Amino acid sequence: MRLLRAVCLTALLSTAAGCAALSSGQTAEPDYAADAAANLQLGDEALERKDFLQAERYYEHVRTKYPYLEVANEAELKLADLAYAQETYPEAREKYQSFIKLHPTHPKVDYAAYRSALSHFADIPSDIFILPPSTEKDQTEVRAALVSLNDFVRQYPNSQYVPEAKKNIEETRRKLAEHELYVASFYARRERWKAVVQRLEGLLTNFPGTAVEEEALFDLHDAYVKLNDAEKARQTLQRIIERLPGTPAAERARRMMGS
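For the sequence shown, the numbering used here assigns the number 105 to the initial residue and increments by one for each residue that follows.
Right, dumping it as structure tokens:
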């Protein structure tokens with residue numbers, strides 16, 4: 105009788121422990137499939153429904169149980185995708201870079217390289233209406249995204265991801281140019297005209313052809329006027345005519361020059 109009670113008590117305690125584990129957010133171990141490819145597919149399905157823990161378990165199972173099969177490399181890449189999906193971008197970047205180092209000739213190495221660069225782009229400050237505009241925020245990730253994306257295009261010029269990478273490069277250039285324009289306006293409000301000139305000249309040199317080029321050129325002209333540098337002001341108007349030919353901005357510059 106005592107033995108029966110002990111067995112029953114043990115069973116109850118085990119059940120209670122299991123329920124407590126589940127209620128604390130832990131999920132049961134997956135029912136793994138018999139082959140690697142099926143487990144990889146199950147991981148993909150878990151990732152698609154945002155069951156990140158289950159997806160990780162499936163991918164790790166494939167990676168560790170079948171280390172000599174190609175599918176293990178695929179699982180390694182999927183683990184990087186998993187980190188990216190969870191928006192843990194530094195971790196994702198580390199995993200992609202590790203994949204590149206370990207498998208430099210893999211058919212998907214360009215995908216890993218692009219996603220690594222894209223992890224910086226995805227981490228760029230966003231414009232949320234309750235927060236300051238992204239142009240006023242730290243631009244570290246924007247600069248890192250520009251460098252990484254340019255490196256990717258240079259290293260993998262024939263990759264299918266190059267067109268998308270180039271679009272993202274233009275987006276980062278625009279954001280950085282807008283930030284420089286914001287900083288220049290900050291100095292202008294404080295009448296620090298030499299600092300205004302420095303920022304705007306840097307903008308026009310480093311990010312030519314962006315949507316803010318016209319505004320930057322006219323602001324630069326005004327800054328030179330404030331500095332009583334008539335020759336530099338005139339040269340800036342000439343730059344507008346040369347850089348923006350056939351536009352209303354060029355016509356406005358001609359009028360300001362009296363021609």
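We put the CB at the ideal spot given by N, CA and C, even for glycine.
The structure presented is a predicted model; accordingly, all values stated were derived computationally and were not measured.
Legend entry - Inter-residue spacing [alpha-carbon to alpha-carbon] between SER220 and TYR328: Within the sequence shown, numbered from 1, the residue matching residue 220 stands at position 116. Within the sequence shown, numbered from 1, the residue matching residue 328 stands at position 224. So the two alpha carbons sit approximately 42 Å from each other.
Inset, instruction - For VAL287, collect the residues of the same chain with a Cβ closer than 7 Å to its Cβ; drop the 5 residues on either side in sequence, then sort them by chain order. - result: Translated into positions along the sequence shown, residue 287 becomes position 183. Cβ neighbours of VAL287 beyond the five flanking positions: ARG303.
Legend entry - Pairwise C-alpha distance: THR209 and ARG258: Residue numbering aside, residue 258 sits at position 154 when the sequence shown is read from its first letter. Residue numbering aside, residue 209 sits at position 105 when the sequence shown is read from its first letter. Spanning the two alpha carbons is a distance of roughly 17 Å.
Inset, instruction - Reducing DSSP to helix, strand and coil, say where TYR172 ends up. - result: Along the sequence shown, read from residue 1 onward, the residue named residue 172 stands at position 68. Here TYR172 sits in coil by DSSP.
Inset, instruction - Return yes when the Cβ of ALA159 is within less than 8 Å of the Cβ of LEU151, no when it is not. - result: Walking along the sequence shown from the start, residue 151 turns up at place 47. Walking along the sequence shown from the start, residue 159 turns up at place 55. Against a cut-off of 8 Å, the Cβ pair of ALA159 and LEU151 comes out as a contact.
Inset, instruction - With a threshold of 16 other CB atoms inside 10 Å of the CB of ARG167, please say whether the residue is buried or exposed. - result: In the sequence shown, counting from the first residue as 1, residue 167 sits at position 63. Under this definition ARG167 is a buried residue.
Legend entry - GLN158 (DSSP reduced to helix, strand or coil): Reading the sequence shown from its first residue, position 54 is the one you call residue 158. Secondary structure at GLN158: helix, using DSSP grouped into helix, strand and coil.
Legend entry - Among LEU157, ARG153, GLU245, LEU173, the one whose alpha carbon lies nearest that of ALA140: Looking up residue 140 in the sequence shown gives position 36. When LEU157, ARG153, GLU245, LEU173 are compared, the shortest CA-CA separation from ALA140 is found for LEU173.
Inset, instruction - Please classify LYS212: does DSSP put it in a helix, a strand, or coil? - result: Taking the first residue of the sequence shown as position 1, residue 212 is located at position 108. Coil at LYS212, not helix or strand.
Legend entry - Residue of ASN310, GLN342, LEU308, LYS212 minimising C-alpha distance to ALA184: Within the sequence shown, numbered from 1, the residue matching residue 184 stands at position 80. When only C-alpha atoms are compared, the closest one is LYS212.
Legend entry - Spatially closest choice to VAL301 from GLU180, LYS279, ASP148, THR340, by CA coordinates: Here residue 301 refers to the residue found at position 197 when the sequence shown is read from its first residue. That would be THR340, whose Cα lies nearest to the Cα of VAL301.
Inset, instruction - Select from LYS271, PRO312, GLU180 the residue whose C-alpha is nearest the C-alpha of ALA85. - result: Nothing can be reported for residue 85: it is not among the residues displayed for the chain, which extend from 105 to 363.
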